[in-house]
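J.: Below: one structure in structure tokens.
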Amino acid sequence: MAKLNQIIAIEKGVKSRSFQKLSESHQTLQKPNLLAGISRTYRPKDEEGEQFPPESTRVQIKAEDIIRQTVTTLTELF
136 MAKLNQIIAI EKGVKSRSFQ KLSESHQTLQ KPNLLAGISR TYRPKDEEGE QFPPESTRVQ
196 IKAEDIIRQT VTTLTELF
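All letters in the sequence shown, in the order written, are residues 136 to 213 by this note's numbering.
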């Protein structure tokens, strides 16, 4: 059977890891460019108009993944 001092030591480690993971998730969500994706294609106004290449930016982080990670972290904490 575990003693109280062992449980307290484990709790401190779990708590610090959990808060670190939550802080990382929070900092990641503060960067809106990671959550936004863009796909643009350009058409010239007339046949002789300038032709621009298409632009695209992929979504780098999905909010669902961050939420799942947060749920796992909070479950471990409590």
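C-beta: ideal position from N, C-alpha, C; glycine also. Being a predicted model, the structure only gives us computed values, none of them experimental.
1. For the alpha helix (DSSP H) containing Thr192, list its first residue and its last residue.
2. With DSSP collapsed to three states, give me the class of Ile196.
3. Pairing CB atoms from the segment 196 to 203 with CB atoms from the segment 139 to 150, are three or more of them under 8 angstroms?
4. What's the C-alpha gap between Glu159 and Thr176?
5. Using alpha carbons as the reference points, say which of Gln186, Thr192, Leu157, Phe154 lies closest to Leu170.
T.: With the structure as the only source:
1. Reading the sequence shown from its first residue, position 57 is the one you call residue 192. From DSSP, Thr192 is part of no alpha helix (DSSP H) but of the beta strand (DSSP E) over 190 to 192.
2. Position 61 of the sequence shown, counted from the first residue, corresponds to residue 196. Correct three-state label for Ile196: coil.
3. Three or more beta-carbon pairs separated by less than 8 angstroms are not found between the segment 196 to 203 and the segment 139 to 150, which leaves the two stretches without contact.
4. One-based indexing of the sequence shown puts residue 159 at position 24. One-based indexing of the sequence shown puts residue 176 at position 41. In a straight line, the C-alpha of Glu159 is about 35 angstroms away from that of Thr176.
5. Numbered from 1 along the sequence shown, position 35 holds the residue referred to as residue 170. Relative to the Cα of Leu170, the nearest Cα in the group Gln186, Thr192, Leu157, Phe154 belongs to Thr192.
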